[in-house]
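> Got a structure for you, written out below as structure tokens; questions coming shortly.
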Amino acid sequence: MFSQFALHERLLKAVAELKFVEPTPVQVAAIPLALQGKDLRVTAQTGSGKTAAFVLPLLNRLMGPAQVRVDIRVLILLPTRELAQQTLKEVERFSQFTFIKAGLITGGEDFKVQAAMLRKVPDILIGTPGRLLEQLNAGNLDLKKVEVMVLDEADRMLDMGFSEDVQRLCDEAVNRQQTLLFSATTGGAGLRDMIGKVLKDPEHLLINNVSELASGTRQQIVTADHNVHKEQILNWLLANETYQKAIIFTNTRAMADRIYGRLVAQEYKTFVLHGEKDQKDRKLAIDRLKQGGVKILVATDVAARGLDVDGLDLVINFDMPRSGDDYVHRIGRTGRAGNEGLAISLICHGDWNLMSSIERYLKQSFERRVIKEVKGTYGGPKKVKASGKAVGVKKKKVDGKKTDKKTAAKGPTKRKSVNRPKADPLVSGDGMAPLKRRKPEAAGE
Ligand code: AMP
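If you want the numbering used here, it's the 1-based position in the sequence shown plus 87.
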């Protein structure tokens with residue numbers, strides 16, 4: 088029950104209005120400590136209810152009589168525009184019975200309109216680091232009176248190259264009394280460095296280990312011979328699975344566009360979302376998906392970040408994501424807040440080792456599914472090591488001086504099953520934090 092928290096009655100009224108009955112584990116753990124004013128470092132997966140876990144305590148701090156606003160008192164940083172917009176909506180829903188006002192500053196929106204909004208001084212400012220810094224540099228933003236700062240999806244902000252911007256904004260909010268940092272993963276050295284710099288004696292709440300990821304989501308793999316075969320499997324899945332809304336992930340914009348084109352040709356109601364799409368397209372795609380006019384979204388990782396769409400119950404990884412974290416984020420689109428979901432990854436021989444690295448990272452074994460109507464010849468490696476990776480054939484030197492014609496001719500065949508680096512690209516020495524990060528598609532997303 089939310090009444091267990093020492094929250095203002097107007098906030099509890101909003102919670103009831105939203106039909107939230109039981110607080111989620113992250114809310115149970117974080118709300119009381121945040122209400123005490125402690126700095127928190129929270130590791131919690133997407134869909135765990137973490138937004139309410141920080142929004143409710145900070146609204147509680149701002150509760151009071153209506154007064155002329157003179158200072159921005161809370162700053163919330165997020166990596167993407169969509170996530171910032173969703174957080175604004177969440178803040179507005181929880182503050183509906185209060186006088187608290189929130190404002191949004193993200194890239195892709197009119198700079199002057201934002202400056203005018205800033206002149207009215209919202210109590211809570213929500214935004215992405217790049218544009219916030221631009222407004223700061225233009226002299227439109229004063230963060231000196233900020234009391235609470237929230238860094239949401241901090242690991243992702245670092246992935247996207249926002250480290251310096253975030254640090255600069257933290258430095259500007261020099262008089263803050265509390266900082267709350269949320270990340271979906273335990274992160275790497277970059278995150279540890281940031282935590283050391285911006286948090287004071289923080290409590291670490293490790294709510295969901297990635298291995299407990301979206302327990303309401305079944306995770307399957309289907310093997311495929313090549314991309315054209317993957318397209319056949321995809322068509323079969325879209326035609327035969329039961330789903331309200333589906334999202335198809337690719338690793339490149341080119342592949343996203345290609346699949347989108349194929350689906351449009353088959354008259355599917357679909358949209359594509361990637362880094363080259365402008366803000367208007369992105370809003371349209373998300374709105375249509377939410378309203379149900381579009382059933383299928385084709386997207387790359389960065390573009391789909393932070394999507395929270397009801398009824399998204401099918402995730403298809405046309406390409407395997409390049410890191411365990413990206414996998415977690417993709418699958419986090421479904422099975423949210425206890426709903427059921429299905430995640431299917433299409434695996435060619437080149438994806439196998441990456442897939443098994445992700446299985447080990449998550450400490451999970453994906454269900455192997457065979458669809459007899461579209462079954463190909465590849466069914467996984469003939470032999471696997473204890474790690475689950477394919478047993479490779481020893482690679483021979485093919486480009487050195489010593490290589491003779493015979494060896495060179497054999498080269499590509501030999502390389503077939505050894506096409507991944509020896510060192511696991513995903514998992515660091517302690518088997519937890521991913522070392523390799525994907526480059527962002529475009530800054531500011
Ligand atoms: P989040 O992890 O903050 O993105 O939340 C995921 C979804 O769960 C959002 O749609 C929230 O509105 C919803 N949610 C959060 N907390 C609760 C709760 N205690 N009861 C029901 N739904 C919730």
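Don't be surprised by glycine CBs; every beta carbon is placed ideally from N, CA and C. Since the structure is predicted, the reported quantities are computational estimates derived from the model, not experimental observations.
Considering only the beta carbon of each residue, do P216 and M244 sit closer than 8 Å?
Going by C-beta atoms, P216 is nearer than 8 Å to M244.
> Could you tell me if the beta carbon of S74 falls within a distance shorter than 7 Å of some heavy atom in the ligand AMP?
Nothing in the structure corresponds to residue 74, since the chain is present only between 88 and 532.
> DSSP puts F141 in a beta bridge; with which residues?
Paired residue(s): none; F141 is not in a bridge.
> From L145, E221, L170, pick the residue whose C-alpha is nearest to that of R420; which is it?
For the residues L145, E221, L170, the minimum Cα distance to R420 belongs to L170.
> Helix, strand or coil: how does DSSP classify R455 here?
It is a strand residue.
> Could you give the distance in angstroms between the alpha-carbon of L146 and the alpha-carbon of F184?
Approximately 11 Å between the Cα atoms of the pair.
> Could you tell me if the beta carbon of A139 falls within a distance shorter than 7 Å of some heavy atom in the ligand AMP?
Result yes, Cβ under 7 Å from the ligand AMP.
> Hey, I163 and D280: beta-carbon distance below 8 Å or not?
Against a cut-off of 8 Å, the Cβ pair of D280 and I163 comes out as no contact.
> At the level of alpha carbons, what is the spacing between L220 and V208?
Rounded to the nearest angstrom, the two C-alpha atoms are 16 Å apart.
> What I want to know is whether the C-beta of G136 ends up closer than 7 Å to one or more non-hydrogen atoms of the ligand AMP.
Yes, the ligand AMP has a heavy atom inside 7 Å of this Cβ.
> Please state if the CB of T304 and the CB of G428 are separated by a distance shorter than 8 Å.
For G428 and T304, yes; Cβs fall inside 8 Å.
> With a cut-off of 8 Å, do at least 3 Cβ pairs link the segment 444-457 to the segment 404-414?
Output reads yes: the segment 404-414 touches the segment 444-457.
> With 16 other CB atoms within 10 Å as the buried threshold, where does E109 fall?
The residue is exposed, with fewer than 16 neighbouring Cβ atoms inside 10 Å.
> Tell me, please, which residues DSSP counts as bridged to K332.
Its beta-bridge partners are L399.
> Please determine whether the Cβ atom of P152 lies at a distance below 7 Å from any heavy atom of the ligand AMP.
Checking the Cβ of P152 against the ligand AMP gives no.
> Just grab the DSSP bridge partners of N404 for me.
Note: N404 sits in a beta bridge opposite F336, S432.
> When you measure from the CB of T111 to every non-hydrogen atom of the ligand AMP, does any distance come out below 7 Å?
Yes, Cβ of T111 sits closer than 7 Å to a heavy atom of the ligand AMP.
> Can you look up M442 in the DSSP assignment and give me helix, strand or coil?
M442 falls in the helix class under three-state DSSP.
> State yes or no: is the C-beta of Q114 nearer than 7 Å to some heavy atom of the ligand AMP?
Yes, since a heavy atom of the ligand AMP falls inside the 7 Å radius drawn around the Cβ of Q114.
> What do you reckon, are the CB atoms on G380 and Q264 nearer than 8 Å?
No, the pair does not count as a contact, with Cβ atoms beyond the cut-off.
> Would you mind reading off the limits of the beta strand (DSSP E) that contains M236?
Its beta strand (DSSP E) spans residues 235-238.
> Among P112, A101, V142, Q132, which residue has its Cα nearest to the Cα of A121?
Minimum Cα distance to A121 is reached at V142.
> Go through its chain and collect everything with a Cβ distance to M88's Cβ below 6 Å, but skip five positions before and after it.
Hits under 6 Å: none found.
> Check whether the Cβ of P405 lies closer than 7 Å to any heavy atom of the ligand AMP, and answer yes or no.
The sequence shown places Phe at residue 405, not Pro. Checking the Cβ of F405 against the ligand AMP gives no.
> Taking 7 Å as the cut-off, is the beta-carbon of F358 closer than that to any non-hydrogen atom of the ligand AMP?
No; taking the cut-off as 7 Å, the Cβ of F358 has no heavy atom of the ligand AMP nearer than that.
> Per the DSSP calculation, Q265 is bridged to which residue(s)?
Q265 pairs with V235.
> DSSP beta-bridge partners for A416?
The displayed chain sequence assigns His, not Ala, to residue 416. DSSP, once it has assigned bridges, lists no residue as partnering H416.
> Do G463 and D312 have their C-beta atoms within less than 8 Å of each other?
In contact: G463 and D312 (Cβ atoms closer than 8 Å).
> Can you tell which of G277, K100, R375 has the C-alpha that lies nearest to the C-alpha of L360?
Cα-wise, what sits closest to L360 is R375.
> Specify, as a first and last residue, the run of the beta strand (DSSP E) that E354 falls within.
Segment: none, E354 is in no beta strand (DSSP E) and carries neither H nor E.
> Any idea what DSSP makes of L98, helix, strand or coil?
It is helical.
> Among the residues of its own chain, which have a CB less than 6 Å from the CB of G190, if the five just before and after it don't count?
So the qualifying residues of the chain are M204, P209, L212.
> If you measure between the beta carbons of V309 and I418, is that distance less than 8 Å?
Cβ distance not < 8 Å, so V309 and I418 don't count as in contact.
> For F92, verify whether its CB is less than 7 Å away from any heavy atom of the ligand AMP.
Result no, Cβ not under 7 Å from the ligand AMP.
> What does a CB cutoff of less than 8 Å around D229 pick up in its chain, not counting 5 residues either side in sequence?
Counting only Cβ-Cβ distances below 8 Å, and skipping sequence neighbours, we find D158, I159.
> With C-beta atoms as the reference, is F92 less than 8 Å away from P112?
No. Outside cutoff.
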